[in-house]
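At the far end of the sequence shown sits residue 559, using UniProt numbering, and the numbering has no gaps.
See below for the structure under consideration.
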Amino acid sequence: MAVRSTAAPPTPWSKSLAEPNIDETAFVHPFSNIIGDVFVGANVMVAPGTSIRADEGTPFYIGENTNIQDGVVIHGLEQGRVIGDDQNEYSVWIGTNASITHMALIHGPAYVGENSFIGFRSTVFNARVGAGCIVMMHALIQDVEIPSGKYVPSGAIITTQQQADRLPDVQAQDKQFAHHVVGINQALRSGYICAEDSMCINTVRKELTKSYTSNNGFERSNDVARSSLGVETVEQVRYLLNQGYKIGTEHVDQRRFRTGSWQSCTPIEARSVGDAIAALEDCLTSHSGDYVRLFGIDPKGKRRVLETIIQRPDGVVNNPPTNFKGHTNQTNRSYNDKSYSNSYSNGSGSGKLSGETVDQLQQLLGSGYKIGTEHVDERRFRTGSWQSCQSIEVTSTREAVSALEQCMENHPGEYVRLIGIDPKAKRRVLESIIQRPNGPVGSSDSYKSTASAPASGVPVNYSATSTGTATSKRLSSDVVEQLQQLINGGYNISVEHVDQRRFRINSWSSAGQIQTRSAQQAAAALENYLDQYQGEYVRLIGIEPKAKRRIVETIIQRP
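Following this line, the structure appears as structure tokens:
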């Protein structure tokens with residue numbers, strides 16, 4: 001394999017004319033350049049059109065299993081160093097299992113931690129990006145340190161430490177997206193290596209010729225052409241095996257699913273994709289009518305990675321469609337629920353529930369929470385004497401909406417509220433009023449209203465238990481109540497915004513956290529954000545501080 005790598009050129013900055021040190025298992029495309037003191041670890045892929053130049057700032061380190069994609073530029077200034085994980089000084093350090101994607105710029109002094117993802121055309125300069133971070137597209141990170149496990153949205157400009165500290169945590173679907181990209185590039189690495197071996201490429205051509213059918217289509221190779229597993233699941237298995245992870249499976253019936261009492265299937269000791277898929281299918285067949293999930297096991301760290309449900313009791317097997325951000329939805333059921341949520345909010349549903357409530361239901365169900373409802377008349381409302389509606393034991397948004405509407409019909413002229421319940425901790429994570437004595441809150445008409453006309457009925461005074469009385473002319477009573485619930489529950493509150501163009505690709509930017517325990521002050525802070533981002537979507541975020549995950553996302557302003 002021809003590798004375009006040379007010693008650093010003799011310049012005023014070069015103290016030595018060191019040459020790259022490239023592991024024999026790495027793949028460096030001949031249409032890329034590596035110059036100077038650059039260490040390239042095992043199984044690294046350097047794609048066509050990359051430029052890695054340690055001719056001014058030096059040395060560089062690229063950890064094993066990392067992929068450097070097409071058009072990436074890695075360079076460094078003469079002055080300035082970062083401390084690598086080996087405690088030595090580097091101009092540029094990129095940790096293991098990182099993804100530096102198309103056209104990104106890493107300019108030293110710069111540090112990119114292990115398992116991090118740097119999105120298309122993003123720039124990291126004079127900065128540290130912690131382990132497990134995900135930086136989306138067209139972002140700028142300069143003169144800051146991004147804490148580990150943080151998410152940087154597309155288009156974000158992070159140039160102060162305060163901005164960096166306010167970034168949201170990476171979510172499970174973000175990690176799945178990053179793992180998916182790594183898996184694809186490891187497959188590309190294998191493909192590039194094969195392409196340079198005439199015997200390998202001839203074998204592939206023969207297989208492709210055999211798989212071509214008279215129906216003018218291709219059948220997938222043996223490890224993919226299984227009727228019961230989706231392509232995403234097969235690619236996940238392939239990625240886990242390529243990374244050296246073990247494969248595990250577990251199953252649980254519907255009753256035990258609510259308590260999280262999973263049981264292991266027969267251990268999978270396969271080292272090929274075909275054998276692993278055959279073992280997976282045996283587990284699915286043996287436990288039809290159960291939930292079945294797939295996960296990887298890191299043999300070194302003895303921990304689980306990439307846990308995904310691949311079968312549900314209704315027989316649906318995971319083959320998730322991809323949304324605009326590249327994230328994969330967990331199941332076809334959740335994707336269909338999302339479609340239902342969209343059609344409901346567009347007016348094709350019954351109109352008793354707002355689109356925000358339907359979205360809230362989907363978020364709760366998608367996070368594994370139970371749904372509850374309560375009602376109370378006007379007299380008992382003042383004393384907080386709520387009574388439960390009929391228990392809701394459903395797993396789809398459509399069924400949950402029907403159950404909520406039934407509760408509202410059974411209790412006209414009363415307050416009705418939606419409850420989210422964490423089944424493991426046995427505590428409430430959400431309380432949201434969806435009906436008042438004068439009718440449903442936030443009907444489908446008001447859901448479409450602008451920010452100047454609150455989306456959920458007429459604002460009312462809300463008496464907080466310990467923080468005074470919160471009132472708002474701009475915020476609906478539901479939003480004020482939601483703020484109070486979040487504060488009373490000890491949750492963190494933050495705000496995100498997005499313009500109409502980026503809204504279509506779900507590329508939200510963080511506006512910052514609200515650092516107060518007063519509902520009145522929080523409402524005032526929200527109103528300031530509404531003024532600051534007029535003409536944009538603005539949403540309220542509730543974050544559980546211990547688990548560092550979102551429990552509420554509510555749009556409070558539309559263009």
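C-beta: ideal position from N, C-alpha, C; glycine also.
Start and end of the beta strand (DSSP E) containing residue 101? First-last for residue 101: undefined, no H or E at that position.
For residue 127, the residue or residues it bridges with in DSSP: In DSSP, residue 127 forms a bridge with 110.
May I have the straight-line CA-CA distance separating residue 257 from residue 298, to the nearest angstrom? Taken atom to atom, the span from the alpha-carbon of residue 257 to that of residue 298 is near 25 Å.
What residue from 275, 514, 26 and 417 has the CA that sits closest to residue 39's CA? From the listed residues 275, 514, 26 and 417, the smallest Cα separation to residue 39 is found for 26.
Inter-residue spacing [alpha-carbon to alpha-carbon] between residue 550 and residue 105: Residue 550 and residue 105 have their C-alpha atoms spaced approximately 31 Å apart.
Terminal residues of the alpha helix (DSSP H) in which residue 477 lies: Here the alpha helix (DSSP H) through residue 477 covers 477–488.
Under the DSSP definition of a beta bridge, which residues are partnered with residue 513? The beta-bridge partner set that DSSP reports for residue 513 consists of 494.
Return the first residue and the last residue of the alpha helix (DSSP H) that residue 358 is part of. 355–366 is the span of the alpha helix (DSSP H), which, as asked, contains residue 358.
For the 8 Å Cβ check, are there 3 or more pairs between the region 518–527 and the region 384–404? They do not touch, by the three-pair rule.
Could you tell me if residue 424 is buried or exposed, where buried requires 16 or more neighbouring beta carbons within 10 angstroms of its beta carbon? Taking every protein chain shown into account, the CB of residue 424 has fewer than 16 other CB atoms within 10 angstroms, so this residue is exposed.
Using the beta-carbon count (16 or more within 10 Å), is residue 539 buried or exposed? The residue is buried, with at least 16 neighbouring Cβ atoms inside 10 Å.
Minimum length 3: unbroken beta strand (DSSP E) runs contained in the region 263–298: Fully enclosed beta strand (DSSP E) runs of 3 or longer: 291–298.
CA-to-CA distance, residue 249 to residue 77, given in whole angstroms: Approximately 48 Å between the Cα atoms of the pair.
Considering Cα atoms alone, identify which of 418, 136 and 555 is closest to residue 430. Among 418, 136 and 555, the Cα nearest to that of residue 430 belongs to 418.
Which class does residue 435 belong to by DSSP, given the choice of helix, strand or coil? Correct three-state label for residue 435: strand.
Helix, strand or coil: which one does DSSP assign to residue 430? The answer is strand: DSSP assigns residue 430 an E or B state.
In three-state DSSP terms, what is residue 43? Secondary structure at residue 43: coil, using DSSP grouped into helix, strand and coil.
For residue 277 and residue 253, I'd like the C-alpha separation in whole angstroms. Rounded to the nearest angstrom, the two C-alpha atoms are 22 Å apart.
Look up residue 420 in the DSSP assignment and give the residues it is bridged to. Bridge pairing for residue 420: 371 and 430 [DSSP].
Do residue 42 and residue 64 come within 8 Å of each other at the CB atom, strictly closer than that value? Yes.
With DSSP run on the structure shown, which of helix, strand or coil describes residue 169? Three-state DSSP puts residue 169 in a strand.
Within a Cβ cutoff of 6 Å, which residues of the same chain sit near residue 580, ignoring the five residues on either side of it in sequence? No answer is possible for residue 580: the residues shown for the chain start at 1 and end at 559.
Please work out which residues of its chain come closer than 6 Å, Cβ to Cβ, to residue 516, disregarding the five sequence neighbours upstream and downstream, and give them in chain order. Once the five neighbours on either side are set aside, the close Cβ partners of residue 516 are 522.
Just how far apart, CA to CA, sit residue 46 and residue 239? When rounded, the distance between both Cα atoms is 18 Å.
Please work out which residues of its chain come closer than 6 Å, Cβ to Cβ, to residue 287, disregarding the five sequence neighbours upstream and downstream, and give them in chain order. For residue 287, where only same-chain residues beyond five positions count, the Cβ hits under 6 Å are 251.
Between the CA atoms of residue 146 and residue 158 - distance to the nearest angstrom: CA-CA distance, residue 158 to residue 146, rounds to 9 Å.
Rounded straight-line distance, which links the Cα of residue 374 to that of residue 440: If I take the Cα positions, the gap works out to 14 Å.
So, at 7 Å on beta carbons, what are the nonlocal neighbours of residue 14 in its own chain, with the 5 sequence-adjacent residues on each side left out? Sequence-distant partners of residue 14 (beyond 5 residues in either direction) whose C-beta falls short of 7 Å from its own C-beta, in its chain, are 8 and 55.
Helix, strand or coil: which one does DSSP assign to residue 552? If DSSP states are grouped into helix, strand and coil, residue 552 belongs with the strands.
For residue 249, the first and last residue of its enclosing beta strand (DSSP E): Here the beta strand (DSSP E) through residue 249 covers 246–252.
Beta-carbon contacts of residue 164 that lie in its chain and below 6 Å, excluding the five residues immediately before and after: Once the five neighbours on either side are set aside, the close Cβ partners of residue 164 are 144, 146 and 158.
Pairing CB atoms from the region 110–122 with CB atoms from the region 82–101, are three or more of them under 8 Å? With the cut-off at 8 Å, the region 110–122 and the region 82–101 touch.
Cα-Cα separation, residue 485 to residue 379: A direct Cα-Cα distance of roughly 21 Å separates residue 485 from residue 379.
Hey, how far is the Cα of residue 576 from the Cα of residue 398? The shown model of the chain, from 1 to 559, leaves out residue 576, and the question about it has no answer.
Within its chain, find whatever has a CB closer than 7 Å to the CB of residue 498; leave out the 5 residues flanking it on each side and keep chain order. Close CB contacts of residue 498 within its chain, under the 7 Å cut and outside five residues either way in sequence, are with 507, 508, 509, 536 and 537 (chain order).
Using DSSP with H/G/I as helix, E/B as strand and the rest coil, what is residue 162? Residue 162 falls in the helix class under three-state DSSP.
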